[in-house]
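If you're matching positions, the sequence shown starts at 120 in UniProt numbering and goes up one per residue.
To start, the structure under review is shown below, and the notes come after it.
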Amino acid sequence: RLGTERYYSHGEINQFIEDLAKEYPRRVFVKTVGKSYEKRLMKTVTITNGDGRRNKNVILVDGGFHAREWISPAAVVYLISQLVDNLEENADLLKDYDWVILPVVNPDGYEYTQLSADTRMWRKTRKPSSDSCIGTDPNRNFDFHWNEEGASENPCDNTYAGSKAFSEPEALVVGDLIHSYADRGKMYLTLHSYGPYILYPWGWSEDLPETVDDLHEVAKAGYDAILEATGTEYVIGSSTLVLYVAAGASDDYAFNAGFSISFTMELPPGGTGFDPPASDIDHMVKETWVGIAAMARKVVTKYPLS
Ligand code: 0X9
Ligand code: ZN
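Structure follows, in structure tokens:
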């Protein structure tokens, strides 16, 4: 079991979900869905209410896209614990829905940032991308408007899009996951830092989707719940209008693939921005869960099982 007193390694997080699956064999399922460039195992944990019903709707959550954004995997670990431990309280969130969760999309980068103070602010993956520069921005590597605005063709840049769409095994794993759940996927949620923002499509252009009102309504449920719980005021809106244009990201990819709701949630800053001290983890992940639960509650009523 993992608490909120410190940050955990990728290995510890994988062990945590394996242990949960052993403890709750009818409700929690772990699957190895791929390997990172440095051959770390990428595992999803699927959380159900154990009723054995197949083909429920799906909420897909991931974290740890960007190596230095440690609060993201921490929030995902807390979310997993909440869903597993509080079955009664969260019965509505699991009745017609399964949750599929990938806690660390970029494990090589995440481990690299844990090595030393010098590497703490690494963002990208760790596959060499030219003679002198390492890594691709996994959130510019998706095959939807790949390498357009807000992505770089320079392998030395922090927003390098990669040599082609899905050049990075880690991004391809997420792309495949998105596809495998696209028909029943209702919400895709990718946790980053730092904001605080709840961002919806599009992020590749200034256009707003036709269903912007639905996206905004669900985001607003998270905004309201967090404001009431802690006073933190998230900014909600389209990625491009709130932040900047950035094409080839996973949120747009999932939305385009059929997820009705797709958000990048950027958790609040801490420390110098990307490095909240361990003493901040507890309140930050609890606040994040309040927002995610409120958004999921809106989603399960808006999109019932058909
Ligand atoms: O630039 C990003 O990838 C995200 N911000 S971060 O500071 N965590 O790197 C924002 C992505 C928003 N979504 C799209 N632009 N599609
Ligand atoms: Zn990020």
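Note that CB positions come from ideal geometry on N, CA and C, so glycine has one too.
Every value quoted in this text rests on a predicted model; they were computed, and no experiment measured them.
Query raised in the report: Which residue's Cα is closest to the Cα of W265: F285, L234 and L346?
Result: Numbered from 1 along the sequence shown, position 146 holds the residue referred to as residue 265. Nearest of F285, L234 and L346 to W265, Cα basis: F285.
Report task. Sort Q201, N176 and V180 by Cα distance to R120 and report the nearest one. Result -> Position 1 of the sequence shown holds residue 120. When each option's Cα is compared against that of R120, the closest is Q201.
Query raised in the report: Counting only runs that start and end within the segment 259-321, where is the alpha helix (DSSP H) found for 4 or more residues in a row?
Result: 288-300
Query raised in the report: Going by DSSP, what residues sit across from L160 in a beta bridge?
Result: Position 41 of the sequence shown, counted from the start, is the residue given in the question as residue 160. Per DSSP, K154.
Query raised in the report: Measuring from the CB of E188, is there a heavy atom of the ligand ZN at a distance below 6 Å?
Result: As a first step, residue 188 is located in the sequence shown; it is residue number 69 there, counting from the start. E188: yes, Cβ under 6 Å from the ligand ZN.
Query raised in the report: Looking at G182 and the ligand MG, is the gap between the Cβ and the nearest heavy atom below 6 Å?
Result: Ligands in the displayed structure: the ligand 0X9 and the ligand ZN; the ligand MG is not one of them.
Query raised in the report: Y342: buried (16+ other C-beta within 10 angstroms of its C-beta) or exposed?
Result: Counted from its first residue, the sequence shown places residue 342 at position 223. It is buried - the Cβ of Y342 has at least 16 other Cβ atoms within 10 Å.
Query raised in the report: Rounded to the nearest angstrom, how far is the Cβ of D181 from that of V224, given a contact under 8 Å?
Result: Walking along the sequence shown from the start, residue 181 turns up at place 62. Walking along the sequence shown from the start, residue 224 turns up at place 105. At roughly 5 Å, the Cβ-Cβ gap stays under 8 Å, so D181 and V224 are in contact.
Requested in this report: Give me whichever residues DSSP pairs with W218 in a beta bridge.
Outcome: For the purposes of this step, residue 218 is taken as the residue at position 99 of the sequence shown. Paired residue(s): I166 and I178.
Query raised in the report: Which partner residues of M384 appear in the DSSP bridge assignment?
Result: Your numbering for residue 384 matches position 265 in the sequence shown. In the DSSP output, where bridge partners are listed per residue, M384 has L310 and I317.
**Report entry** Neighbourhood of R146 by C-beta, 6 Å cutoff - its chain only, sequence neighbours within 5 removed
**Finding:** Taking the sequence shown and counting its residues from 1, one reaches residue 146 at position 27. Excluding residues within five positions, the ones whose Cβ falls inside 6 Å are T167 and G169.
Requested in this report: Starting from S357, follow its DSSP beta bridges and name the residues at the other end.
Outcome: Translated into the one-based positions of the sequence shown, residue 357 becomes position 238. Answer is Y319.
Requested in this report: Using the Cα positions of L212 and V419, report the straight-line distance between them to the nearest angstrom.
Outcome: As a first step, residue 212 is located in the sequence shown; it is residue number 93 there, counting from the start. As a first step, residue 419 is located in the sequence shown; it is residue number 300 there, counting from the start. Roughly 7 Å between the two C-alpha positions.
Query raised in the report: Is the number of C-beta pairs between the segment 182-192 and the segment 230-237 that are closer than 8 Å three or more?
Result: yes
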